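S.K.:
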Amino acid sequence: MRDMSHTTHTTTDIRNEKAPAASFTYAAFLLAGLAFLLVAPMFFYPIFLMKLLCFALFACAFNLLLGYTGLLSFGHATFFGGAAYFTAHAVKEWGWTPELGVLLGVAGAAVLGLVMGFVAIRRQGIYFAMITLALSQMFFFFCLQAEFTRGEDGIQQVPRGHLFGFIDLNVATNMYYFVLAVFIIGLVVIWRFVNSPFGMILKSIRENEARATSLGYSVAHYKLGAFVMSAALAGLAGGVKSLVFQFATLTDVTWQMSGEVILMTLLGGIGTLIGPIFGAGLVVTLQNYLATSDFPVTIITGVVFMVCVLVFRRGIIGEFYASRLGRRLGFEHRQ
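For the sequence shown, the positions run 2 to 336 when this note's numbering is used.
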């Protein structure tokens, strides 16, 4: 018994000793990534980088629902595309400043999330997914028929305007750093949300919903809160994207867009903070560099997804965290 107790204490001590080193390594990786993003416009096309950041934030928002709450939504394009329409309309037709337009998009996406989530969380599993898909398709047909969305033409020539009245977003560099700032703020919000007591309860619901209910937690309320937060952050990504490309179209609200963000999250690794970013980067890069080729991009993306599912069951970043090197670096429990 004494030997077993001694072994347990030794293992605990080793883990405690590795924790500071692991945190230092993780912080070093994050700082290196931030430094790369700061100088990236010097080496890559800014529009490509901004598209990557928008979709990376979208994937992280979706991962907040799937990876940390265990809810698979097939309707997240509603919030992404809906916010794009709200922002584009407010900026172009009402003359709002870009920051107010983006905030309106976030608010609109949150309201859509509240309505959709209130209906969908009453079911679980595949039924939840199908309800979100059905509601998303209803919103798609609304956007197709609504006057302010301009149907199949979409809202085009959206002015970027001046951020806070004096920063000209028509300058590509200014626009890039605005998108980068929004991306970092979104990540910080997600990290704080996940590591808060609310986030801990969400993880317990994901692992054992019946147990969480028996402990007295209102599971439905927590699920709805996570759904609304995920929708708002997806709206943040969609609103900024409408300013980057200066248009909002039906492409942003189709079911294919919902499938695309699921693909990004699964490729990178669900339940990890960095995984969806890596997955979004992979998909966007493939789309960008294969767009001019004769070979269909969707086939290449499908092959990559198939290989990753067969070889990287936890996603690329998830498998790295679980690998020997990842464990030595202390990433095995990183999220």
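Cβ coordinates follow ideal geometry from the N, Cα and C atoms, glycine included.
All figures in this text were calculated on a predicted structure; none of them were measured in a lab.
Just to confirm my understanding: we take Y177, look at its own chain, exclude 5 residues before and 5 after, and list those with CB closer than 7 Å. What are they?
M.R.: P42, P47, L50, M51
S.K.: Nearest to I363 by CA position, among I191, G187, Y218, is which residue?
M.R.: No answer is possible for residue 363: the residues shown for the chain start at 2 and end at 336.
S.K.: What residue does the alpha helix (DSSP H) around G270 start on, and which one ends it?
M.R.: Unbroken run through G270: none, as it is neither H nor E.
S.K.: Are T133 and G226 touching if we call contact CB-CB under 8 Å?
M.R.: No, Cβ-Cβ distance for T133 and G226 is not below 8 Å.
S.K.: Could you tell me whether the region 105-112 touches the region 234-245, using the rule of 3 or more Cβ pairs below 8 Å?
M.R.: yes
S.K.: Measuring alpha carbon to alpha carbon, tell me which of F140, Q157, G71 ends up nearest L244.
M.R.: From the listed residues F140, Q157, G71, the smallest Cα separation to L244 is found for Q157.
S.K.: On the DSSP letters alone, give me the boundaries of the alpha helix (DSSP H) that Q138 sits inside.
M.R.: 126-146
S.K.: For the ligand COA, any of its heavy atoms closer than 7 Å to the Cβ of F140?
M.R.: Among the components modelled here there is no ligand, and therefore nothing to report on the ligand COA.
S.K.: A211 and A60 look like a contact to me (Cβ under 8 Å); what is the Cβ gap, rounded to whole Å?
M.R.: With a contact defined as Cβ atoms closer than 8 Å, A211 and A60 miss out at about 30 Å.
S.K.: Under the three-state reduction of DSSP, which class applies to D253: helix, strand or coil?
M.R.: helix
S.K.: Look at the alpha carbon of V40 and the alpha carbon of F279, and state the distance between them as a whole number of angstroms.
M.R.: Cα to Cα, V40 sits roughly 18 Å from F279.
S.K.: Let me know the secondary structure DSSP gives G319 once reduced to three states.
M.R.: DSSP, reduced to helix, strand and coil, places G319 within a helical segment of the structure shown.
S.K.: A292 and V298 - do their beta-carbons sit closer together than 8 Å?
M.R.: yes
S.K.: Quick one: what's got a C-beta closer than 8 Å to D14's C-beta in the same chain, skipping five residues either side?
M.R.: Any answer about D14 is weak, because its pLDDT of 45 lies below 50 and its placement is not dependable; what the coordinates show is given next. Nothing listed; no residue qualifies.
S.K.: Determine, using beta carbons only, whether L268 and G316 come nearer to each other than 8 Å.
M.R.: yes
S.K.: Could you tell me the boundaries of the alpha helix (DSSP H) in which S231 lies?
M.R.: Judged by DSSP secondary structure, S231 falls within the alpha helix (DSSP H) whose first and last residues are 220-246.
S.K.: Using CA coordinates, which residue listed in L58, G68, F37, C55 is at the minimum distance from G270?
M.R.: G68
S.K.: Buried or exposed for E148, please, with buried defined as at least 16 other CB atoms from any protein chain shown within 10 angstroms of its CB.
M.R.: exposed
S.K.: Let me make sure I understand the geometry here. Which of F142, V254, F45, P99 has the alpha-carbon closest to that of G166?
M.R.: P99
S.K.: Excluding the five sequence neighbours on either side, which residues of its own chain have a C-beta within less than 8 Å of the C-beta of T9, listed in chain order?
M.R.: At T9 the pLDDT is 40, less than 50, meaning the model places this residue with poor confidence; the figure from the coordinates comes in the next sentence. So no residue of the chain qualifies.
S.K.: Is it buried or exposed for R16, if we count other Cβ within 10 angstroms and need 16 for buried?
M.R.: Bear in mind that a pLDDT of 45 at R16, under 50, signals an unreliable position, so the number given afterwards is only what the model happens to contain. Exposed, since its Cβ has fewer than 16 Cβ neighbours within 10 Å.
S.K.: Please go through the region 40-126 and give each complete alpha helix (DSSP H) segment of 4 or more residues, from N-terminal end onward.
M.R.: 47-70, 78-94, 99-121
S.K.: Whole angstroms are fine: how far does the CA of F199 sit from the CA of L65?
M.R.: 12 Å
S.K.: Starting from I301, follow the alpha helix (DSSP H) in both directions and report where the run begins and ends.
M.R.: 298-312
S.K.: Where does S259 land, buried or exposed, given buried means 16+ other C-beta within 10 angstroms?
M.R.: buried
S.K.: Please report the Cβ distance between L287 and T302, rounded to the nearest whole angstrom; I am assuming they are in contact, meaning their Cβ atoms lie under 8 Å.
M.R.: 6 Å
S.K.: Helix, strand or coil for L31, going by three-state DSSP, please let me know.
M.R.: Helix.
S.K.: Round the Cβ separation of D295 and A78 to the nearest angstrom and send it over; I've been treating them as touching at under 8 Å.
M.R.: Not really, about 28 Å apart at Cβ, beyond 8 Å.
S.K.: What does the Cβ neighbour count give for E94, buried or exposed, with the cut at 16 atoms within 10 Å?
M.R.: Exposed is the call here.
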